[in-house]
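Enquirer: Heads up: the sequence lines are chains A and B, in that order.
Basically our numbering = 1-based index in the first sequence + 21.
Basically our numbering = 1-based index in the second sequence + 21.
Number of protein chains: 2
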Amino acid sequence: MNNLDSLVAAVVERLFVPVEASGRHVHLTREQVMTLFGHELTQKRPLSQPGQFLTQERVTVVGPKGEIPHVAVLGPARKEAQVEISLTDGKLLGITPPVRMSGQVEGTPGVLLKGPAGELRLDQGVLAAQRHIHLNPEQASHFGVRDKQVVRLQTLTDRPVIFENVVVRVSPDYEAAVHLDYDEANACGLGQGDLGRILP
Amino acid sequence: MNNLDSLVAAVVERLFVPVEASGRHVHLTREQVMTLFGHELTQKRPLSQPGQFLTQERVTVVGPKGEIPHVAVLGPARKEAQVEISLTDGKLLGITPPVRMSGQVEGTPGVLLKGPAGELRLDQGVLAAQRHIHLNPEQASHFGVRDKQVVRLQTLTDRPVIFENVVVRVSPDYEAAVHLDYDEANACGLGQGDLGRILP
Numbered sequence: 022m023n024n025l026d027s028l029v030a031a032v033v034e035r036l037f038v039p040v041e042a043s044g045r046h047v048h049l050t051r052e053q054v055m056t057l058f059g060h061e062l063t064q065k066r067p068l069s070q071p072g073q074f075l076t077q078e079r080v081t082v083v084g085p086k087g088e089i090p091h092v093a094v095l096g097p098a099r100k101e102a103q104v105e106i107s108l109t110d111g112k113l114l115g116i117t118p119p120v121r122m123s124g125q126v127e128g129t130p131g132v133l134l135k136g137p138a139g140e141l142r143l144d145q146g147v148l149a150a151q152r153h154i155h156l157n158p159e160q161a162s163h164f165g166v167r168d169k170q171v172v173r174l175q176t177l178t179d180r181p182v183i184f185e186n187v188v189v190r191v192s193p194d195y196e197a198a199v200h201l202d203y204d205e206a207n208a209c210g211l212g213q214g215d216l217g218r219i220l221p
Numbered sequence: 022m023n024n025l026d027s028l029v030a031a032v033v034e035r036l037f038v039p040v041e042a043s044g045r046h047v048h049l050t051r052e053q054v055m056t057l058f059g060h061e062l063t064q065k066r067p068l069s070q071p072g073q074f075l076t077q078e079r080v081t082v083v084g085p086k087g088e089i090p091h092v093a094v095l096g097p098a099r100k101e102a103q104v105e106i107s108l109t110d111g112k113l114l115g116i117t118p119p120v121r122m123s124g125q126v127e128g129t130p131g132v133l134l135k136g137p138a139g140e141l142r143l144d145q146g147v148l149a150a151q152r153h154i155h156l157n158p159e160q161a162s163h164f165g166v167r168d169k170q171v172v173r174l175q176t177l178t179d180r181p182v183i184f185e186n187v188v189v190r191v192s193p194d195y196e197a198a199v200h201l202d203y204d205e206a207n208a209c210g211l212g213q214g215d216l217g218r219i220l221p
């Protein structure tokens, strides 16, 4: 990169946040991983958030009205299972996922998971992820926002949208990224490398 | 309705526009209807726009990667075929629909349709409908907008969104309604009877 390119990159980074679409995926406990696969999770590639990764493992999510095969399993294993789907997926499965922040599984619907080594009935854990922005403390300070703040985000996309109720999450473990689900990504015509602007 | 109810209804109607989700659907010429079904379209129920109706007839839409059965056919027959799908549907079919206003089919992708009486290959006609607002001239005047104007629309929904690039369409044949596709409807958490506000 020459000097101009790196200047432009620095300015873009200061003004905008990369927007990413999160496909449907599952988080599992270590015990549940063993039940479904009979072995530990194997990393396929790292995700934008440091330490998080896509695994080689896939599960079938089974609802009362339909099932979705080949659903991604993310690593590392967590303390509690969580199945993140879109409202479109929910229609197909026959499950209405409440819109929740990750981890807020209390009272959410359950679902059946099928893996190559076994099945697993979850009593709860199905949700549609509340749209959110990951930032580290330095980035949050640049944008003038704080952890748990609710902001509006304007997408610089094909079908521009201003998303309201976007939750800011700040942690030293994070890198700047807006996470939308596929309904939201398609509604704004999100493409590779698209950016968003946090509105004052 | 008592006086207060009707006053409230009148105020709501002056301030907000009903928001509707348009599912995937097909418009056909009279000749194409005969090819696919062997008989004329039969009305099932009227739609929000006067003169438009859902028919009893259904087609299977077949793309290079997948197919979608039981797709709604709307009536009356038109001068040109049009297949309105979401970007989510496009992914399943293996077709990338451009975002267009209804009727702007020039240069759009083609597709195969299968009906109970025959098949039909369309050379063009597949699009994702540009989000839009139907208004009659009196309603347009109340909202201070004109035909073809591009406005922003704030949804009063579970997951509130401000849609940019919403096209206003004015005709004496119309009744006030915002039309979103299912990606957009799910992105804003649209429910039955939800309203939108045209932003100045």
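Glycine included, each C-beta is placed from N, C-alpha and C at the ideal position.
So Val188 of chain B and His153 of chain B are in contact, right, with Cβ under 8 Å, and what is the actual spacing, rounded?
Expert: Val188 of chain B to His153 of chain B, Cβ: 4 Å. Contact.
Enquirer: Can a CB atom of chain B be found closer than 7 Å to the CB of Leu216 of chain A?
Expert: Cβ-Cβ to chain B under 7 Å: no for Leu216 of chain A.
Enquirer: In whole angstroms, give me the CA-to-CA distance for Leu148 of chain A and Thr176 of chain B.
Expert: Distance between the alpha carbons of Leu148 of chain A and Thr176 of chain B: 22 Å.
Enquirer: What are the boundary residues of the beta strand (DSSP E) that includes Ser43 of chain A?
Expert: Counting along the chain, the beta strand (DSSP E) containing Ser43 of chain A begins and ends at 38 to 43.
Enquirer: Residues in its own chain within less than 7 Å of Pro158 of chain B by CB, not counting five upstream and five downstream?
Expert: Cβ neighbours of Pro158 of chain B beyond the five flanking positions: Val191, Pro193.
Enquirer: Taking 8 Å as the threshold, find out whether the segment 133 to 150 of chain B comes into contact with the segment 22 to 33 of chain B through three or more Cβ pairs.
Expert: Not touching, per the Cβ criterion.
Enquirer: If contacts are defined as beta-carbon pairs under 8 Å, then Ala102 of chain A and Thr50 of chain A qualify, I think. What distance do you get, rounded to the angstrom?
Expert: Sure, about 6 Å apart at Cβ, within 8 Å.
Enquirer: State yes or no: is the beta carbon of Ala208 of chain A nearer than 7 Å to at least one beta carbon in chain B?
Expert: By this cut-off, Ala208 of chain A is an interface position.
Enquirer: Let's see if you can read the secondary structure: which residues bound the alpha helix (DSSP H) around Val104 of chain B?
Expert: No alpha helix (DSSP H) contains Val104 of chain B, which is instead part of the beta strand (DSSP E) from 103 to 105.
Enquirer: Which residues in the same chain as Gly115 of chain A place their Cβ atom closer than 7 Å to its Cβ, once the five residues preceding and following it in sequence are excluded?
Expert: Closer than 7 Å at Cβ, skipping near neighbours: Gly84, Pro85, Lys86, Gly87.
Enquirer: Counting Cβ pairs, one atom from each stretch, are 3 or more of them under 8 Å apart for the segment 113 to 132 of chain B and the segment 71 to 79 of chain B?
Expert: Contact fails: fewer than three Cβ-Cβ distances are below 8 Å.
Enquirer: Quick one: what's got a C-beta closer than 8 Å to Thr109 of chain B's C-beta in the same chain, skipping five residues either side?
Expert: Tyr203, Asp204, listed in sequence order.
Enquirer: Which value, in whole angstroms, describes the spacing of the CA atoms of Ile89 of chain B and Val199 of chain B?
Expert: Using only the alpha carbons, I get a separation of about 25 Å.
Enquirer: Would you be able to state if there are at least three C-beta pairs under 8 Å between the segment 203 to 219 of chain B and the segment 164 to 182 of chain B?
Expert: Taking 8 Å as the limit for Cβ pairs, the verdict is that the segment 203 to 219 of chain B does touch the segment 164 to 182 of chain B.
Enquirer: So Arg51 of chain A is in the alpha helix (DSSP H); what residue range does that whole segment cover?
Expert: Unbroken alpha helix (DSSP H) run through Arg51 of chain A: 51 to 58.
Enquirer: Can Leu95 of chain B and His163 of chain B be called in contact, C-beta distance under 7 Å?
Expert: Taking 7 Å as the Cβ cut-off, Leu95 of chain B and His163 of chain B do not qualify as a contacting pair.
Enquirer: Could you tell me if Glu140 of chain B is buried or exposed, where buried requires 16 or more neighbouring beta carbons within 10 angstroms of its beta carbon?
Expert: When all chains shown are included, Glu140 of chain B counts as exposed.
Enquirer: As a quick exercise: from A:Leu220, A:Pro221, A:Gly210, pick the residue whose alpha carbon is nearest that of Lys112 of chain B.
Expert: Checking every option, the nearest Cα to that of Lys112 of chain B belongs to A:Gly210.
Enquirer: In the DSSP assignment, what residue or residues form a beta bridge with Thr76 of chain A?
Expert: For Thr76 of chain A, which the question treats as bridged, DSSP gives the partners A:Gln64.
Enquirer: If you follow the beta strand (DSSP E) that Ala198 of chain A is part of, which residue opens it and which one closes it?
Expert: Per DSSP, Ala198 of chain A belongs to the beta strand (DSSP E) from 198 to 202.
Enquirer: Going by C-alpha to C-alpha distance, which of A:Val32, A:Ala42, A:Lys65, A:Thr81 sits closest to Pro97 of chain A?
Expert: Among A:Val32, A:Ala42, A:Lys65, A:Thr81, the Cα nearest to that of Pro97 of chain A is on A:Lys65.
Enquirer: Taking just the CA atoms, how far does Phe184 of chain B sit from Ala208 of chain A?
Expert: When rounded, the distance between both Cα atoms is 9 Å.
Enquirer: For chain A, find out if any of its Cβ atoms is closer than 7 Å to the Cβ of Leu57 of chain B; answer yes or no.
Expert: Cβ-Cβ to chain A under 7 Å: no for Leu57 of chain B.
Enquirer: Given that Leu108 of chain A touches chain B, what residues does it touch there, using C-beta distances under 8 Å?
Expert: Simply Asn207, Gly210.
Enquirer: What span of residues does the beta strand (DSSP E) with Gly96 of chain B cover, start to end?
Expert: Residues 88 to 96.
Enquirer: Could you tell me which chain B residues have their CB closer than 8 Å to the CB of Val120 of chain A, listed as they occur along the chain?
Expert: Neighbours of Val120 of chain A on chain B, chain order: Asp179, Arg180, Gly210.
Enquirer: Rounded to whole angstroms, what is the Cα-Cα separation between Val54 of chain A and Glu61 of chain A?
Expert: Roughly 6 Å between the two C-alpha positions.
Enquirer: Below 9 Å between beta carbons is the criterion; list the residues of the segment 184 to 205 of chain B that meet it against any residue of chain A, in chain order.
Expert: Under the 9 Å Cβ criterion, the segment 184 to 205 of chain B contributes Phe184, Glu185, Asn186, Leu201, Asp202, Tyr203, Asp204, Glu205.
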